[in-house]
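The sequence shown begins at 1065 in the numbering used here and counts up one residue at a time.
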Amino acid sequence: MESVIRKCVFPVAGYGTRFLPATKAMAKEILPILDKPLVQYGVEEALEAGMSDIGFVTGRGKRAIEDHFDINYELEDQIAGTGKEAALAGIRELIERCTFSYTRQIVMRGLGDAILKARTLVGDQPFGVVLADDLCFGNGTGVLAQMARLYAEHRVSIVAIEEVPREDTSSYGVIAGEPLGNGLYRVTDMVEKPRPEEAPSNLAIIGRYILTPDIFGILEHTPPGRNGELQITDALREQARQGRVLAYRFDGLRFDCGSVPGYVAATNYCFERFHRAAR
Ligand code: G1P
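Structure, rendered in structure tokens:
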């Protein structure tokens, strides 16, 4: 698909404390859904949206991500000429079609800070952001590709949203917006992790964003917000005040693989859809 957006940022420095002890020595983004790491699903979705420059904001203990998007010569040599080679076809294609860059977030100061660290990788152009533990399956077209199409038309920042139960608003950024039709809203306000009684709606931001590059300048002077961390939601609120943020109720499914119930639901869904269907 023709896209005006080439870059996609993956903030992957987080500790994954909800998955301890599994994430004690292993990056949470390498946890598999069936036989594929979560982060690979995210990179596939970015590539489908035309974003082939992948920038990871990484941290200590995340080396396996770099190794995953590289060739393992010894392994490839071992399985060369056997049926097992086919299992590496998908990841090989990604390695051939994408470029991967890495920068480190030294101190965990929030998602806004992680995105600001990507500035040197992104430069002065619009870019996608994927939070790999939100696993998304679009209907027909991937969620990021749906958003890239909208960006081509509107040229403003876009956040993916979904309806959540009121009692869950404190786990998400939540928007207030005017419906424009076809699942699109003009965002008028947004709040990071509000208590249900303070939430402006039950439309929660999930881990897919398209951001215009002026977000970096805004992030630089955004004060710490919820939990004392620099929040992307707060920086986006400034763009929203200027009418420059859209929220999009995407067409598809999303699993919160940062939690055990979401992870199990995603595994069951993928087992039915990809594994059983293939037999
Ligand atoms: C982050 C964002 C939040 C968003 C969520 C989506 O929170 O800060 O606004 O709703 O991702 O997954 P986190 O889940 O990293 O605490």
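We put the beta carbon where it would ideally sit given N, CA and C, even for glycine.
Where I1118 is concerned, the enclosing beta strand (DSSP E) starts and stops at 1117-1122. Beta-bridge partners of D1253 (DSSP): A1240.
Pairing A1113 with L1208 gives a Cβ-Cβ distance under 8 Å.
If you check the C-beta of E1256 against the ligand G1P, you find a heavy atom less than 7 Å away. In this structure I1097 touches C1321 by the C-beta definition: roughly 7 Å separates them, less than 8 Å. Under the DSSP assignment, C1334 falls in the alpha helix (DSSP H) whose first and last residues are 1324-1334. Judged by DSSP in its simplified three-state form, K1071 adopts strand. Looking from the CA of A1268, the closest CA among G1237, A1329, D1198, G1204 belongs to G1237. With a threshold of 7 Å, the Cβ atom of I1296 counts as near the ligand G1P, since some heavy atom of the ligand is closer than that. With 16 or more other Cβ atoms from the protein chains shown falling within 10 Å of its own Cβ, S1265 counts as buried.
Non-local beta-carbon contacts of L1283 in its own chain, meaning distances under 7 Å to residues more than five positions away in sequence, involve G1176, I1179, L1180, L1294, A1299 in chain order.
Relative to the ligand G1P, the beta carbon of Y1105 is positioned no closer than 7 Å to any heavy atom. The alpha carbon of R1168 has as its nearest neighbour, out of R1183, A1077, F1083, the alpha carbon of A1077. Contact check between the stretch 1248-1256 and the stretch 1302-1314: three or more CB pairs, one atom from each, fall below 8 Å, which counts as touching. As for any beta strand (DSSP E) of minimum length 3 sitting wholly inside the stretch 1168-1244, the runs are 1191-1194, 1198-1202, 1221-1227, ordered along the chain.
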